[in-house]
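Per the working numbering, the very first residue in the sequence shown carries number 3; after that it's consecutive. For every residue, glycine included, the Cβ atom is placed at its ideal position computed from N, Cα and C.
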Amino acid sequence: RRCFERAKLCQFAYAPRSGRPWSAMQAILAYHTTPPDAHHLTPTLLAHPAAHTLFVTFVRREGRRRLSNLDELVAACERWSPAEGTGARLRVACVAVSFRSGLVASAPAIRRTDVLVGPHGAEMVNAFGMHAGASVLEVMPVHRRVYPCDKFKHDFAMEPRALHHYTAQSRNASYATSTTRPHAGTYNSDLYLPPAVLE
3 RRCFERAKLC
13 QFAYAPRSGR
23 PWSAMQAILA
33 YHTTPPDAHH
43 LTPTLLAHPA
53 AHTLFVTFVR
63 REGRRRLSNL
73 DELVAACERW
83 SPAEGTGARL
93 RVACVAVSFR
103 SGLVASAPAI
113 RRTDVLVGPH
123 GAEMVNAFGM
133 HAGASVLEVM
143 PVHRRVYPCD
153 KFKHDFAMEP
163 RALHHYTAQS
173 RNASYATSTT
183 RPHAGTYNSD
193 LYLPPAVLE
């Protein structure tokens, strides 16, 4: 806590060329989620997903840049199964989660997530708390004239073996669903993600 009270963030637009954001987040979560009497132990930083269950978490944003068909996506996710002939015996568990309760409170949900799906925004930083080998599907805004939307793509690539990052993007304005100001026709519009793209 003392470290963060002294920390200052400068030059927000600056993106370092190298770093270990995933490893840093793993260490922070390990420290804050380990019982106080066990801090002398070496923390286990990697979560291991339950065998034969794929945990898919959708980001439930509030205010702006939401997935407008979130319930449809969760339902489609729950119906998904691997293609026949792959030999995979896999169940899928899908849930929509709001991360407003904070990083430490959200840690259990983050650590068990194998696939995180969400619109571009600050909540995507939670992906750094996921276990090694997990995947992130970032749904990009339709209108991208000003904001540097490749920020998370760059950050996730700093440790290439940690997380798999994918983007879903479209130039078709019909996928921006907000119809009232201030978000209609802007970068902050809610987004429609076709279930077929999710699959």
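Open item on the list: Do V61 and P143 count as a contact pair if the criterion is CB distance below 8 Å?
Closed with: What you label residue 143 is simply residue 141 of the sequence shown in a count that begins at 1. What you label residue 61 is simply residue 59 of the sequence shown in a count that begins at 1. No, Cβ-Cβ distance for P143 and V61 is not below 8 Å.
- [ ] Return the bridge partner residues of Y168 from the DSSP annotation.
- [x] Position 166 of the sequence shown, counted from the start, is the residue given in the question as residue 168. In the DSSP output, where bridge partners are listed per residue, Y168 has L139.
Task: Closest residue to G135 among V119, H166, M27, L105 (Cα-Cα distance) - done: Here residue 135 refers to the residue found at position 133 of the sequence shown. Residue H166 is the option with its Cα nearest to G135.
TODO: Give the secondary structure of R81 by DSSP, where H, G and I count as helix, E and B as strand, and everything else as coil.
DONE: Counted from its first residue, the sequence shown places residue 81 at position 79. Of the three classes helix, strand and coil, the one that applies to R81 here is helix, per DSSP.
TODO: Kindly indicate which residue of Y194, L195, A95 has the alpha-carbon position closest to the one of F57.
DONE: By one-based count along the sequence shown, residue 57 stands at place 55. When each option's Cα is compared against that of F57, the closest is A95.
Task: According to DSSP, residues forming a beta bridge with P121 - done: Numbered from its first residue, the sequence shown carries residue 121 at position 119. BP columns for P121 point to V141.
TODO: Using beta-carbon positions only, say whether V106 and T59 come within less than 8 Å of one another.
DONE: Counted from its first residue, the sequence shown places residue 106 at position 104. Counted from its first residue, the sequence shown places residue 59 at position 57. Contact: no.
TODO: Using 10 angstroms around the beta-carbon of T115, count the other beta-carbons present and answer buried if the total reaches 16, otherwise exposed.
DONE: Residue mapping note: residue 115 aligns to position 113 of the sequence shown, counting from 1. Buried, since its Cβ has 16 or more Cβ neighbours within 10 Å.
Task: Cβ neighbours of W82 in the same chain (closer than 7 Å, five flanking residues each side left out) - done: What you label residue 82 is simply residue 80 of the sequence shown in a count that begins at 1. Result list for W82: V94, E201, in chain order.
Task: Where T59 falls: helix, strand or coil (DSSP) - done: Residue numbering aside, residue 59 sits at position 57 when the sequence shown is read from its first letter. Residue state, collapsed to three classes: strand.
TODO: State the DSSP-derived secondary structure class of L193, mapped to helix, strand or coil.
DONE: One-based indexing of the sequence shown puts residue 193 at position 191. Three-state result, L193: strand.
Open item on the list: Please return the same chain residues whose Cβ sits closer than 8 Å to the Cβ of V141, not counting the five positions on each side in sequence.
Closed with: On the sequence shown, residue 141 is found 139 positions in, with the first residue counted as 1. Result list for V141: L69, V119, G120, P121, H122, T169, A170, Q171, L193, L195, in chain order.
TODO: Within the same chain, show all residues whose beta-carbon is closer than 7 Å to that of W24, passing over the 5 residues directly before and after it, in chain order.
DONE: Your numbering for residue 24 matches position 22 in the sequence shown. Excluding residues within five positions, the ones whose Cβ falls inside 7 Å are F130, E161, A164, L165.
- [ ] Quick one: measure Cβ to Cβ for H185 and S176, integer angstroms, because I've assumed they're closer than 8 Å.
- [x] Working through the sequence shown from its first residue, we reach residue 185 at position 183. Working through the sequence shown from its first residue, we reach residue 176 at position 174. Wrong, their Cβ atoms sit about 15 Å apart, outside the cutoff.
Open item on the list: Within 10 Å of its beta-carbon, does S108 have 16 or more other beta-carbons around it, so buried, or fewer, so exposed?
Closed with: By 1-based counting over the sequence shown, the position of residue 108 is 106. Counting Cβ neighbours within 10 Å, S108 comes out buried, since at least 16 surround it.
TODO: Pick helix, strand or coil for L92, following the three-state DSSP scheme.
DONE: As a working note, residue 92 is residue 90 in the sequence shown. If DSSP states are grouped into helix, strand and coil, L92 belongs with coil.
Open item on the list: What does the Cβ neighbour count give for L75, buried or exposed, with the cut at 16 atoms within 10 Å?
Closed with: As a first step, residue 75 is located in the sequence shown; it is residue number 73 there, counting from the start. Result: buried.
TODO: Report the partner residues of A98 according to the DSSP bridge assignment.
DONE: Sequence index remark: in the sequence shown, residue 98 carries index 96 (1-based). DSSP output for A98 lists F60 as bridge partner(s).
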